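Keeping their order, the protein sequence lines are chains A and B.
Using the UniProt record's numbering, read the first sequence as starting at 1 and increasing by one per residue.
Using the UniProt record's numbering, read the second sequence as starting at 1 and increasing by one per residue.
Heads up, the beta-carbon is just placed ideally off N, CA and C, and yes, glycines get one too.
Owing to the predicted nature of the structure, the values given are computational and were not obtained by experimental measurement.
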Amino acid sequence: MLSICETQCIAKPNASASVASVCKLLLSLIVFSGLIALGFMHIGAWMVFPFAGLELVLVVLAFVVVLRHRDDYEKITLAEDYVEIEQCVLGKVKHIRFQRYWTRVTLREGENGKTSLWLGSHNQEVEFGRDTMSNAQRDELVSHLKRTLQKLNN
Amino acid sequence: MSTTTVAHHDEHQEHPTGIMRWLTTTNHKDIGTMYLTFSLVMFLVGGCMILGIRAELFKPGLQLMNPEFFNQLIGVHALIMIFAALMPAATGFANWMLPLQLGAPDMALPRLNNWGFWILPPSAVLLTLPFTLALFGIGDGALATGWTFYPPLSIQGGLGVDFAIFAIHLLGISSVLGSINIIVTIFNMRAPGMTLMKMPLFAWGWLITAFLLIATIPVLAGAVTMLLTDRHFGTHFFNAAGGGDPIMFQHLFWFFGHPEVYILLLPVWGFIPQILQTFSRKPMYGYKAQVYSLWGIGALSVVVWAHHFFAAGMPVPALLYFMYSTMAISLPLAVLFYCWIRTMWKGSMSFETPMLFTVGWIILFGIGGLTGLVLADVAADAQYHNSYFVVAHFHYTLFAGGIMGIMAGVYYWLPKMTGHMYNEKLGKLHFWLTAISFNVTFIPQFFVGLAGMPRRIPDYALQFAEFNMISSIGAFVLGLSQLLLVYNIISCVRGGQKATDRVWEGAVGLEWTLPSPPPYHSFTEQPVVK
């Protein structure tokens, strides 16, 4: 997922579930399975309950594992005298800065036809949007960055 | 200024080869292939067991086996066909096709996916091992209770019951892990633009199946664990002699067992409309109606369980409730049938093997559904309960409705999976032999059932001899004709005419936008659905 405005570009991994929808889903599963387990416990089949509980814990854990990457993002900010790349993975934010005038934007083609977008200067590079953008989106972003950098540098 | 250099690498394009590829793989297509292969092997194993049974029933009297071994074969045949053949086949398709249809790079939890599969082979070993152990004088063979484990027989049974209980636990764990993975994948990994109501119907079918599994597997797990403690730890949950209630086990078992029928059928109902629209070359009719009907059937399936044991006795209001609620399932099912037929109506139809299996499936599954209505009637059920009518009914539902549907799916997606076209002539021959011999096998069973022949007996009255002979001949032709499927799959994997990306002229969906076979990592770029 890529969003571009004049001096800022944000790439995020695709996640089709919202936290609210997952909460609703989990709540309905817990209520439904819980009612079944309680019903059987009521007639003496209490051993259904621990299995249902264990299973619901697994379902919740599975969504936690997947959704914790939901807020990951990569951001490029074109500031007055620098270009900042911000990478957020599992809540840990890393900032990488290059001097704006010297920043080079490169698009490379891999063996499998997949392109990769690199930003760098002074023999140091960082890849942007490796798993979050398509080739077409990378093309679009490269053109935008080159055009904007040229405008700002002049 | 802090800077980072990140080397570009493509290590995720590489994967192990040989046996390690299959043991350690987290790739959805590899795991799907393993599920489908396991399912085919177990389908043949379970099929061989039933051929032994039909050989015994070829003539009245005891010919080949003693009654206890006969009962063991019946119970293990059912468990294998349900848990080790049909369910893994549907899970195999889910693994292969859901990520492709949803535009996802893989399943949401790939490692969990690997564990989910590798639990299956040990459970199959547990189910069948007691037969082998008995040959060496250990134990008295597999469980002889039928797949339903009813106490008190299961409390009194031998070592085979314990093996089956542990096998059920493992199979249940595998199903739950698979279901969790599928729910998370469908909810979180759909391509941008693919709203829930734009999902392929197969994804809907599997989503409801996964919910049903999550709701009902703990009930089965609890029931068989209580059975285990009754057998070995002195509890009396189901032991009437100790104040327990054997009927409670029937409630627990069928609370799982009836939804299980829909667990086996819902994924098939998901992809059958896709096959129909492909070979009718027109859009699917009533997508929303089908989605709501699938939900309706899923919801009703968990509130009708007691129709399986009307004969055990229950209050009249309960009888009436379970009768009417069971019959109510026919309403959403009728909507599905209408939509399937309307999808074909005035279409530019062609009858390649997947379409032949699908049309045959609609007719034969229809017979299974209609005979189910007869059994839902409390008054009629008293006559037909525990007779061969029931056996014929559930084979029209589960063989025609389940396995023939899976076969339609195999022929439909095989060229996409392997990159080669299968042998169309052999495919059509396989369909006709299967459809005809299936009817030759099971129509006589309706007749002997109506005439009063009970199920699960190795010997029978002389009046049933001719129909049983015809049924056995049909079963052997049915069994042997499945070798055509095996040959067709193997030859398709090994080579053949190259399949195009779209394979079928009328095919619609993201999976057909990829090459045949799809690359190891399916979508290196995120597709967008408009």
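Residue 33 of chain A: member of the alpha helix (DSSP H) spanning 19 to 42, first to last residue. Counting every other CB atom within 10 Å of its CB across the protein chains shown gives residue 463 of chain B a total below 16, marking it as exposed.
Annotated three-state conformation of residue 232 of chain B is helix, per DSSP. Sixteen is the threshold: since fewer than 16 other Cβ atoms of the shown chains lie within 10 Å of the Cβ of residue 101 of chain A, the residue is exposed.
Per the DSSP secondary-structure output, residue 9 of chain A pairs in a beta bridge with A:4 and A:76. Rounded to the nearest whole angstrom, the CA to CA distance from residue 247 of chain B to residue 133 of chain B is 32 Å.
The C-beta of residue 134 of chain A comes closer than 8 Å to at least one C-beta of chain B. Contact annotation: the segment 355 to 369 of chain B touches the segment 392 to 403 of chain B, with at least three C-beta pairs closer than 8 Å. Residue state for residue 46 of chain A is assigned as coil, using DSSP reduced to three classes.
If you draw a straight line from the Cα of residue 215 of chain B to the Cα of residue 37 of chain A, it is about 9 Å long. The secondary-structure analysis by DSSP pairs residue 169 of chain B with nothing; it has no beta-bridge partner. Around residue 360 of chain B, the same chain offers 404, 431 and 435 as residues with beta carbons nearer than 7 Å, after the five sequence neighbours per side are excluded. According to DSSP, residue 120 of chain A shares a beta bridge with A:104 and A:125. By the C-beta density criterion, residue 99 of chain A is exposed, having fewer than 16 other C-beta atoms within 10 angstroms. Our two residues, residue 116 of chain B and residue 163 of chain B, have alpha carbons roughly 20 Å apart in a direct line.
At least one CB atom of chain B sits nearer than 8 Å to the CB of residue 66 of chain A. Residue contact check for residue 100 of chain B against chain A: no CB pair falls below 8 Å.
DSSP places residue 285 of chain B outside any beta strand (DSSP E), giving it a letter other than H or E. The C-beta distance from residue 58 of chain B to residue 472 of chain B rounds to 4 Å, short enough to meet the 8 Å contact threshold. At least one CB of chain B lies nearer than 8 Å to the CB of residue 55 of chain A. Across the structure, residue 116 of chain A and residue 137 of chain A are spaced so that their CA atoms are roughly 11 Å apart.
In the structure shown, residue 93 of chain A falls within a strand segment according to DSSP collapsed to helix, strand and coil. Per DSSP, reduced to three states, the secondary structure at residue 302 of chain B is coil, with no helix or strand assignment.
Residue 339 of chain B is positioned such that its CB atom lies no closer than 8 Å to that of residue 408 of chain B.
Around the beta-carbon of residue 18 of chain A, fewer than 16 other beta-carbon atoms lie within 10 Å, marking it exposed.
Taking a beta-carbon distance threshold of 8 Å, residue 111 of chain B does not count as an interface residue toward chain A.
Between residue 278 of chain B and residue 506 of chain B the beta-carbon gap is near 4 Å, inside 8 Å, which marks them as a contact.
Of the residues B:379, B:508 and B:121, the one whose Cα lies closest to the Cα of residue 311 of chain B is B:379. Where residue 131 of chain B is concerned, the enclosing alpha helix (DSSP H) starts and stops at 120 to 135. With respect to residue 478 of chain B, residue 438 of chain B sits close: the two C-beta atoms are nearer than 8 Å. Taking C-alpha positions only, residue 500 of chain B is separated from residue 194 of chain B by approximately 25 Å. The shortest C-alpha to C-alpha distance from residue 209 of chain B to any of B:176, B:219 and B:231 is the one to B:176. When B:415, B:124 and B:253 are compared, the shortest CA-CA separation from residue 148 of chain B is found for B:253. In the three-state scheme derived from DSSP, where H, G and I count as helix and E and B as strand, residue 255 of chain B is classed as helix.
Considered as a whole, the segment 439 to 526 of chain B harbours 465 to 494 as its complete alpha helix (DSSP H) runs of no fewer than 4 residues, in chain order. At least one CB of chain A lies nearer than 8 Å to the CB of residue 222 of chain B.
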